[in-house]
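Protein chains in written order, with my numbering: chain A, 1 to 116; chain B, 117 to 232.
C-beta: ideal position from N, C-alpha, C; glycine also.
Worksheet: the structure to be examined is printed underneath.
There are 2 protein chains.
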Amino acid sequence: MVVDQLDSDEVDRLFAALADPTRRDIVARVLTHETSVSVLAERYAMSFAAVQKHVAVLERAGLVSKRPHGRERLVRGDVDAIRAAARLLDQYEEIWRARIGRIEDILAAPAEGDSR
Amino acid sequence: MVVDQLDSDEVDRLFAALADPTRRDIVARVLTHETSVSVLAERYAMSFAAVQKHVAVLERAGLVSKRPHGRERLVRGDVDAIRAAARLLDQYEEIWRARIGRIEDILAAPAEGDSR
DNA sequence: CTGATCTACAACCATGTAGTTGTACGTTAG
DNA sequence: CTAACGTACAACTACATGGTTGTAGATCAG
C-alpha cells in the first residue's frame, strides 16, 4: 500500500497525467492486463517513442509501474494512485459539505441587523 | 445538476485544471466562500492577471462559475464537476476490480500445463 | 553468431501554458 | 464629475509538453 499523504507536486503529476486521453486509455488497459510497451504502442496512432513517453509520465505520477520481463517491460496499473486521487476529490466535497453546515447555522440564527 | 456524461475533452480540461496547486487552492476557497477575483488575487504571490487566467481555466473546466456583482465578479466553486471527476476515477477502480474476478477464475480452475 | 525485436534516450520542432506588463472600459465612492 | 477600483484582454517571454526521427544497447529466435 502506498503512503496516502501526497505532497503538492505529486498531486500535480497525478492530475496532469490523467489529463490526456491516450494516457487514460493506457491506464485502463494496464489495470486489467499487464502489457508490454510495444504491444501498447500498437493500439495508438503515434510512434513507439511517443507511447514510451506517455508511459514515463504515468510512471512518474505513480499510476503505473514497469517490471522487466526478458527484453520487454511489462506495464501494470496501480490502483492505489487512482484511489489517492479519488480521496483528494472527496476532500474537496467535504469542504463543500462543511459550507452547507455554515449556511444552516446562518439560517438558524435570528437575523441581526437585518437592515433592508 | 450537470450532465454526467463527459466527453474526452471535458475530462482533459477537468484534470488539467486540477493539476496546479494555485488552482486547487482557488477551488477549495470558492467552494466555501463566493469570492471576487481581486480578493482571490491578494492571496497569491502573482499578478492579478495571472489569477484571472487561473480562474478562466477553472471556468472552462466547469469547476467554478462567475456571476457579476457590481464591478466585481464573484467566483463560486461547482461541486458537481468535482463529483464528475470522482465518478471517473471510480470507474477506473471498477475496471480494476473486474480484473480481480478474472484472477479468481484462474485460481479456481485446475492448473493446466503447470510445467514448473 | 546474426538478425530481428524491444527498449531507452537524445535532439529537434510546434504548440500550449504560466507568468509578466500595459491598456481600456464599466462601476463605485466622494 | 472625477478618481479609484475591478475586470478584461492583448502582447510578449520563458518553459513544459506532445509529437517526431535517429541511434544505440539488450535480449531473443534460428
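Neighbourhood of Thr32/A in chain B, by CB distance below 8 Å: Ile211, Trp212, Ala214, Arg215 and Arg218, in chain order. When DSSP states are grouped into helix, strand and coil, Arg83/A belongs to the helix group. Looking at the backbone, the Cα of Ala157/B and that of Leu74/A are separated by about 46 Å. Nearest CB-CB separation between Leu89/A and chain B: below the 8 Å threshold.
One thing to note: Ala177/B has its Cβ within 8 Å of the Cβ of Arg129/B. Secondary structure note for Arg140/B: its alpha helix (DSSP H) is the uninterrupted segment Pro137 to Thr148. Around the C-beta of His185/B, fewer than 16 other C-beta atoms lie within 10 Å, and the residue is accordingly described as exposed. When the alpha-carbon of Thr35/A is set against those of Leu88/A, Tyr92/A and Val55/A, the nearest one is in Val55/A. Not a single CB atom of chain B sits nearer than 8 Å to the CB of Ala56/A. Counted as a single uninterrupted DSSP element, the alpha helix (DSSP H) harbouring Arg129/B occupies residues Ser124 to Leu134.
The alpha-carbon separation between Ala200/B and Lys182/B amounts to approximately 20 Å. Where Ser181/B is concerned, the enclosing beta strand (DSSP E) starts and stops at Val180 to His185. Rounded to whole angstroms, the gap between the alpha carbons of Ile26/A and Leu6/A is 23 Å. Where Arg76/A is concerned, the enclosing beta strand (DSSP E) starts and stops at Glu72 to Gly77.
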